[in-house]
Amino acid sequence: MHLRISNIAILRTGIVLMIVCIFAACETTPDVGPEPLGGFNEKVTALVTTTIRGRLRENLPKQKLLETQLPSFEKTLTMNQLMDELKGIDPLKDLAYLIETDIMFELQKPEHHRERISFNNPEIQRELVSAILTGMKRALDQLKGGKGGK
Amino acid sequence: MANKRALVLSGGGAKGAFTAGVVKYLMVEFGLNFDLVVGTSTGALIAPLVASQDIANLIHFYENVEQQDILKDRPDLLAFLFPMPSMTPNLLNG
């Protein structure tokens, strides 16, 4: 009886070793974790998301106010226009300064030279506005209990 | 000798997410720079991103890492190779 169990164990060991060898022969490395953010706009979105989520957490009136203003913000063409609109809403004025700080922090880095030298380019501005709005929407979604919101 | 500013990051696994938020405040909102960044455990993972001022990716990684990125389901090889007789029936029978 004892010998029979041992044989089964040896057989199973052989099967496992064979499977391990097959996997070891494969050169694929599984991707672990999220892909790093590469571009300026993606990084701005990440910073803006955190800033807004941090400032508006447990402040439902401000969250609702920002949400109602989003359609108006979407009409803006440049970052300055968007910030001016935001600064015009008194309860959300501090958000505008913090978002500007986020953008300036990212913009001064050497890898964002292209965005820095052509910062007033309409295309760069359009993408930047879109990145900020994406951050705002993502933060509001997370505050409502979406991914990463709790 | 000029004063230098150092940032020491503690360990604590998931508590690194809190550290990431504090670092974001200190560097982005408060505008601090550090001459030396050191850390242990999860703090050591944060340190290179802080040193390279890549705060966006630091936040991104902590917000988007999934449980399966850290803990993978693995088959219990020992139980498969050497199955133990179940104790449950004996326990149930008293």
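The listed protein sequences correspond, in order, to chains A and H. Taking my numbering, I'd label the letters of the first sequence as residues 25 to 174. Taking my numbering, I'd label the letters of the second sequence as residues 3 to 96. C-beta: ideal position from N, C-alpha, C; glycine also. If you're wondering where the values come from, they're calculated on a predicted model, not measured in any experiment.
> Counting pairs of beta carbons, one from the segment 4-22 of chain H and one from the segment 157-172 of chain A, are three or more of them closer than 8 Å?
Replying inline: Taking 8 Å as the limit for Cβ pairs, the verdict is that the segment 157-172 of chain A does not touch the segment 4-22 of chain H.
> Secondary structure at Val56/A, three-state DSSP: helix, strand or coil?
Replying inline: Coil.
> Is it right to say Asn95/H is buried, meaning 16 or more other beta carbons lie within 10 angstroms of its own, or is it exposed?
Replying inline: Unreliable positioning characterises Asn95/H in this predicted model, as indicated by a pLDDT of 48, which lies under 50. A coordinate reading is not provided.
> By Cβ distance, which residues of its chain are closer than 7 Å to Leu164/A, with the 5 residues on each side in sequence left out?
Replying inline: Gln87, Leu90 and Glu91
> Can you give the Cα-Cα distance for Asn59/H and Lys117/A, rounded to whole angstroms?
Replying inline: 26 Å
> Mind pulling the chain A residues with CB within less than 8 Å of Val52/H?
Replying inline: Near Val52/H there are no residues of chain A at all, since even the closest Cβ is about 13 Å away, more than 8 Å.
>> Can you tell me where the alpha helix (DSSP H) holding Leu34/H begins and where it ends?
In response: First-last for Leu34/H: undefined, no H or E at that position.
> Under 7 Å Cβ-Cβ, which residues of chain A neighbour Ala58/H?
Replying inline: Leu61, Lys67, Ala70, Leu71 and Glu130
> Going along the chain, which residues of the segment 104-128 of chain A sit with their C-beta nearer than 7 Å to a C-beta in chain H?
Replying inline: Leu122, Thr125 and Asp126
> Mapping DSSP to helix, strand and coil, what is Ala4/H?
Replying inline: coil
> When DSSP labels each residue in this structure, what does Gly45/H get in the three-state scheme?
Replying inline: helix
> Does any C-beta atom of chain H lie closer than 8 Å to the C-beta of Pro134/A?
Replying inline: It does not; no Cβ of chain H falls within 8 Å.
> Since Leu11/H meets chain A, which of its residues come closer than 9 Å, beta carbon to beta carbon?
Replying inline: Residues of chain A passing the Cβ test: none, with the nearest at roughly 18 Å.
>> Going residue by residue through the segment 100-146 of chain A, where are the continuous alpha helix (DSSP H) segments of at least 4 residues, counting only ones entirely within it?
In response: 103-111, 117-131 and 137-141
> Sorted by chain position, which residues of the same chain lie with C-beta nearer than 6 Å to Leu71/A's C-beta, five sequence neighbours on each side aside?
Replying inline: Asp126
> What do you get for Met128/A, buried or exposed, if any count of 16 or more other CB atoms within 10 angstroms of its CB means buried?
Replying inline: exposed
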